[in-house]
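Numbering (my numbering), first residue to last: -17 to 775.
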Amino acid sequence: MKFSEQWLRGWVNPEVSRDELVARLSMTGLEVDSVTPAAGEFSGVVVGEIISAEQHPDADKLRVCQVSDGKEQFQVVCGAPNARAGIRIPFAQVGAVLGEDFKIKKAKLRGVESHGMLCSAAELKLSEDHSGLYELPADAPVGQTLREYLGLDDAIIEVDLTPNRGDCLSIAGLAREVGANYNAPVARPQIDAVPSVNDETRPVELVAPKACPRYVGRVIRNVDLSRGTPLWMIERLRRSDIRSIDPVVDITNYVMIELGQPMHAFDLSEIKGGIRVRMAEEGEKLTLLDGQDVTLRSDTLVIADHERPLAIAGIMGGEHSGVSDKSTDLFLESAFFDTIAIAGKARGYGLHTDSSHRFERGVDWQLQREAIERATALILDIVGGEPGPVIEAVEPSALPTIAEVTLRNERITQMLGMELPEADIEAYLSNLGLTVKASGAGEWQVTVPSHRFDISLEIDLIEELARLYGYNRLPVSAPTASLNLTAKPETRGELPILRRLLVARGYQEAITYSFVEPSLNKLFDPEVEPLALANPISADMAVMRTSLWPGLSKAVQHNLNRQQSRVRLFESGLRFVPQASGELLQQPMLAGIACGTRQPEGWANGNDKLDFYDVKGDVEAVLGQGGALASFRFEPAKHPALHPGQTARITRDGETVGWLGALHPQLVSELDLQAPVFAFELTLSAITEGRLPAFRELSRFPEVRRDIAVLVDQSVAAEDLLATIRDAAGENLTNLRLFDVYAGKGIDPNRKSLAIGLTMQHSSRTLTDDEVNAVMDKVLTSLEQGFNATLRK
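Given below as structure tokens:
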């Protein structure tokens, strides 16, 4: 919410600087996002009056104006289309400075002297409007400095409120907070009941009383909308980031900002019969004030007459019943809508309004009559009119109840770690509008006002005391407790270790959204229907990811589009896979993605591109962190998101625990990535389960190495061959290495040669040649029987 500091200080004005006020608001939970000037930097600009405006002799689009500053007249050449005699406008005199360094000087425009400049709102940074001169009211005092006349030495403060503090979405609520913080008096404007001058009413029927337990309305006849909104109101609305539309709409917006009660005005002539507050009928049509045609759902609360809906309750009015410049009679409404009935409805129709923002967070349910009296008084003062009596329809049983909470001094001391004087406790809570009554030694009965939906428990009151006393003033003490250390399985690895390992190998951790675009998720996992969100943030975040790859691929795309050609990213997080049973599997995963050159750019590094085995080495380092790399297998497989010839399924004890490979060329093309891109995804629970290390004394006896080259069919996997050798070689085998693969000239085209080195060592003696030869014979026999392998001569 944005508001004018001057407006706030008109309600409550503690003797503190702007910086101190802003810091105090943030410290009490009303976080200040920004503080900006109410206007641009300028000086030497006064209220001027155009006495005459003649056509420039040598330019069709220029006028030669005689401008008065109240003391003398100046000739000014102006190109604004609305420059005409009789209007009052901002006049930058010779010597005036706009912005930081734009100084107004005497000039000649097409041969005619110009002594100054007539300004638009955009040139003064009052708005974006640069279509013409900024026209001031006819009673603007000619010669007065514009900054003084408009009160522009002001600041626009923007606060970011948490959802539970809807009571501060108004000047009244903010003033109450500031007053409580500084124990300063709050000068709330006097709001008196406006007497009716006719008996004109419209019947109001609450068809859905739980959604709308209170509705207040009033007929106002014979308003004159040709009168403009006064400049003081336009400026206050502008500084609250609300555009002026017409006097009646401006007044309802003004009361909303001032008191916190959203309101709406209907054209009385468009209301057929009376007002019916009901749920919409499925499929009803309504054209909104912004021109959007919506089809209403049956769970939507509407304001209707006896023929059709007039507005979506608490969100936006309909176009046909809205106030226009031809309206002469109004029906003014001020209602209380239940937060549950309004919550999410605006977003469901692709809308977000100031009204829905407040109703979703809770509006004071006793404020409606006061707000309609305030709005009525402003309407009569600005556009005239003849008000009828206030109509109120209410369902008392559906209204919220006044909460009473018991507060104990002992509990305050326990929670805050200090004792607060009883007088201070009562003063703090009373200044917030709570009624405090002592009920015994160190105990109070606190009645919660209707504007504080968020207070229902004793701890809520203690939080209010902590806020007003100052979180930064509370004593700091460390709690003491006797805790037993939780046993940690030695075979279980830790995610932070894997993170550090990947960072050491050149990866950077990424954190992406769990919500992804449906079409993007389908590219990576077309066989699984993801869980769709009932109320997504946006269309490209509409389903829960079934893989971490979609988010990482978008991160790679983002980096490549910004000339970062070498990318290494990893992420740990949940994937969400719907099960046949209807349950949702939320599975922790570790995934990575990489592209670009093998090594960073440098004079000693080459420009070789990353390949499958580089990333496979990174994955093996992750799998081997727990000392159980031998229990994992890489098998050729097919995956819809991966390249048909560069895909490996990673298994452990026969179960799939991950995937590795190059992204499919079609996928790379659709995402506009820089090929090749390699990715892996591992089930976290499977890869963190290692083996318990055990000490083994180093042998003092020599190793024996034997190398063999065997011919096998092209279809034989080297991993299967090595597993057979390990089984056959026995416990003296200390190292096994595949060091060459050859296929080509000199051997059968359907066969390949695998060169393997076997290292053997005994722990307590030197192995003999006979023992080694026996092991090698056994190995060769196993290979021949299992793979039809022959020793290459």
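By construction, the Cβ of each residue, glycine as well, lies at the ideal position given by its N, Cα and C atoms.
Tell me, to the nearest whole angstrom, how far the beta carbon of residue i is from that of residue j; I am working on the premise that it is less than 8 Å.
i: Ala691; j: Ser735; result: 5 Å
i: Glu31; j: Val124; result: 5 Å
i: Leu447; j: Tyr410; result: 6 Å
i: Ala20; j: Leu106; result: Going by Cβ atoms, the distance from Ala20 to Leu106 rounds to 11 Å, so no, they are not a contact pair.
i: Gly296; j: Phe341; result: 4 Å
i: Gly672; j: Gly599; result: Actually they do not touch by this definition, with Cβ atoms about 19 Å apart.
With a threshold of 8 Å on Cβ separation, who are the neighbours of residue i within its own chain once the five nearest residues in sequence on each side are excluded?
i: Asp442; result: Val387 and Asp436
i: Glu117; result: Asn64, Ile69, Arg70 and Ile71
i: Asn165; result: Ala409 and Asn413
i: Lys620; result: Pro626 and Thr629
Would you kindly report the start and end of the unbroken alpha helix (DSSP H) that includes residue i?
i: Met215; result: Leu213 to Arg221
i: Tyr453; result: Neither: Tyr453 is in no alpha helix (DSSP H) and is coded neither H nor E.
i: Gly533; result: Trp531 to Leu542
i: Trp(-11); result: Glu(-13) to Trp(-7)
i: Gly768; result: Asp751 to Phe769
i: Arg687; result: Taken as a continuous stretch (DSSP letters only), Arg687 belongs to no alpha helix (DSSP H), being part of the beta strand (DSSP E) at Val686 to Asp695.
i: Asp275; result: From DSSP, Asp275 is part of no alpha helix (DSSP H) but of the beta strand (DSSP E) over Asp275 to Thr277.
i: Asn391; result: Asn391 to Leu398
i: Gly330; result: Lys327 to Gly330
i: Val604; result: Phe594 to Leu605
i: Asn146; result: Per DSSP, Asn146 belongs to no alpha helix (DSSP H) and is neither H nor E.
i: Glu159; result: Ile153 to Tyr164
Spatial neighbours of residue i within its chain, please: CB distance less than 6 Å, with the 5 preceding and 5 following residues excluded, ordered by chain position.
i: Tyr724; result: Ser735
i: Met400; result: Pro457
i: Ile364; result: Pro229
i: Lys85; result: Val79
i: Asp856; result: No answer is possible for residue 856: it lies beyond the span of the chain, which begins at -17 and ends at 775.
i: Phe769; result: Val694 and Val698
i: Asp722; result: Ala737
i: Ala27; result: Residue 27 is actually Val in this sequence, not Ala. Result list for Val27: Pro72, Ala74, Ala78 and Leu128, in chain order.
Could you tell me which residues DSSP puts in a beta bridge with residue i?
i: Gln569; result: Arg557
i: Phe73; result: Val28 and Leu100
i: Arg634; result: Phe614 and Glu637
i: Phe248; result: Gly304 and Phe313
i: Pro369; result: Ile202
i: Pro19; result: Ala137
i: Ala420; result: Trp426
i: Gln48; result: Ser34 and Gln57
i: Glu13; result: Asp142
i: Thr388; result: Gln427
i: Gln490; result: Leu551
i: Val525; result: Val498 and Ala514
Terminal residues of the continuous beta strand (DSSP E) containing residue i?
i: Phe341; result: Run containing Phe341: none in the beta strand (DSSP E); it sits in the alpha helix (DSSP H), Asp336 to Arg343.
i: Arg196; result: Arg196 to Arg203
i: Ile294; result: Pro291 to Ile294
i: Ile373; result: Ile373 to Val376
i: Met261; result: Ile257 to Met261
i: Gln427; result: Glu425 to Thr429
i: Met742; result: Arg733 to Met742
i: Gln55; result: Gln55 to Cys60
i: Glu663; result: Val659 to Thr665
i: Arg89; result: One point to set straight first is that residue 89 is Ala, not Arg, in the sequence displayed. Here the beta strand (DSSP E) through Ala89 covers Ala89 to Leu91.
i: Arg719; result: Leu715 to Tyr724
i: Thr269; result: Lys267 to Thr269
i: Leu188; result: Val186 to Leu188
Which same chain residues end up closer than 7 Å to residue i when comparing Cβ atoms and leaving out the 5 residues on each side of it in sequence?
i: Leu480; result: Leu572, Val604 and Gln607
i: Val538; result: Val549, Leu551, Ile575, Cys577, Leu655 and Val659
i: Ala353; result: Val237, Leu241, Gln243, Met245 and Ser316
i: Arg733; result: Leu693, Val694, Asp695 and Gln696
i: Ser412; result: Val418
i: Val276; result: Leu268, Leu270 and Tyr331
Should the region 254 to 261 be called in touch with the region 176 to 194, which here means at least 3 C-beta pairs below 8 Å? Yes, the region 254 to 261 touches the region 176 to 194.
For the region 155 to 166 against the region -9 to 8, are there 3 or more C-beta pairs whose distance is under 8 Å? As far as the Cβ criterion goes, the region 155 to 166 touches the region -9 to 8, which means the pair count is three or higher.
Quick check: the region 355 to 365 against the region 317 to 328, are at least 3 beta-carbon pairs closer than 8 Å? These segments do not touch.
Any 3 or more C-beta pairs closer than 8 Å across the region 47 to 55 and the region 148 to 157: Fewer than three Cβ pairs drawn from the region 47 to 55 and the region 148 to 157 lie within less than 8 Å of each other, which leaves the two stretches out of contact.
Segment contact, 8 Å Cβ cut-off, at least three pairs: the region 366 to 373 with the region 200 to 220: The region 200 to 220 and the region 366 to 373 touch, with three or more beta-carbon pairs separated by less than 8 Å.
Is the region 553 to 563 in contact with the region 580 to 598, if contact means three or more CB pairs nearer than 8 Å? The count of Cβ pairs closer than 8 Å, one atom from the region 553 to 563 and one from the region 580 to 598, stays below three, leaving the stretches out of contact.
Should the region 0 to 16 be regarded as contacting the region 131 to 143, the criterion being three or more beta carbon pairs within less than 8 Å? Flag = yes, the region 0 to 16 and the region 131 to 143 touch.
Below 8 Å, how does it come out for the region 515 to 522 and the region 494 to 503: are there three or more Cβ pairs, yes or no? Judged by Cβ distances under 8 Å, the region 515 to 522 makes contact with the region 494 to 503, as three or more pairs qualify.
Would you check if there are 3 or more beta carbon pairs closer than 8 Å linking the region 84 to 99 to the region 43 to 52? Yes: the two stretches touch, three or more of their Cβ pairs being nearer than 8 Å.
On the three-pair Cβ rule with 8 Å, is the region 751 to 768 touching the region 674 to 693? The way I'd put it, the region 751 to 768 does touch the region 674 to 693; three or more beta-carbon pairs between them come closer than 8 Å.
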